[in-house]
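Numbers 4 to 108, taken from my numbering, label the letters of the sequence shown in order.
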Amino acid sequence: EMMVTGELMSFEDAHACNLINHIWEGDPDDFRRDILDWCSQFTLPNKAVKAVGNIKRSCQTGPEIPFEYHLALERELQAALFNSNDAKEGIAAYVEKRVANFTGE
Numbered sequence: 004e005m006m007v008t009g010e011l012m013s014f015e016d017a018h019a020c021n022l023i024n025h026i027w028e029g030d031p032d033d034f035r036r037d038i039l040d041w042c043s044q045f046t047l048p049n050k051a052v053k054a055v056g057n058i059k060r061s062c063q064t065g066p067e068i069p070f071e072y073h074l075a076l077e078r079e080l081q082a083a084l085f086n087s088n089d090a091k092e093g094i095a096a097y098v099e100k101r102v103a104n105f106t107g108e
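Laid out in C-alpha cells, this is it:
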C-alpha cells in the first residue's frame, strides 16, 4: 500500500511498525565512526561472511526467479556453506561454548 500510495511516515512510526530496525541519534561528527562500529558485527571475525553474502544473494535473487528455482538456489548455497571452514568453526565454537573466529574460508 505504501509503495502504491506514496504515503510517508516518520522514522518513529516506521520503527514502531518494524519497517526499520534502528534510529541513529548520535552526534553528526560521530556518524562515520558509529556506523562502522555497527557494521562490524556483519564482518570478519564476527560473522561468517560467506553466509552473510549468501543470505544477501538469496534475498536479492528470490523475487526474480520462480519459487522452485529459488529453493534449488538455497539448497546449493547451503551445501556450499556446510562444506566451508567457517561452518566447522561455527559448530566447534557452539559445542565448546566459545565465540567463533570466522576467517571467510
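Here a beta-carbon is modelled for each residue, glycine too, at the ideal position from N, C-alpha and C. Quick caveat: nothing in here was measured; it's all calculated off a predicted structure.
Less than 8 Å separates the beta-carbon of Gly93 from that of Ala103. In the structure shown, Ile58 adopts helical secondary structure according to DSSP, grouped into three states. Distance from the CA atom of Met5 to the CA atom of Leu11, rounded to whole angstroms, is 8 Å. Counting of Cβ neighbours within 10 angstroms places Ala95 among the exposed residues, the total staying below 16.
Here Lys59 is not near Asp89, since their CB atoms are 8 Å or more apart.
The Cβ-Cβ distance between Phe34 and Ile26 does not fall below 8 Å. If you check the CB distance, Asn49 and Leu80 do not come in under 8 Å. Of the residues assessed, Phe45 falls on the exposed side of the cut-off, its CB having fewer than 16 other CB atoms within 10 angstroms. Spanning the alpha carbons of Ile38 and Leu47 requires a straight line of approximately 16 Å. Rounded to the nearest angstrom, the gap between the Cα atoms of Leu76 and Thr8 is 34 Å. Taking the C-beta atoms as reference points, Ser87 is found no nearer than 8 Å to Glu71.
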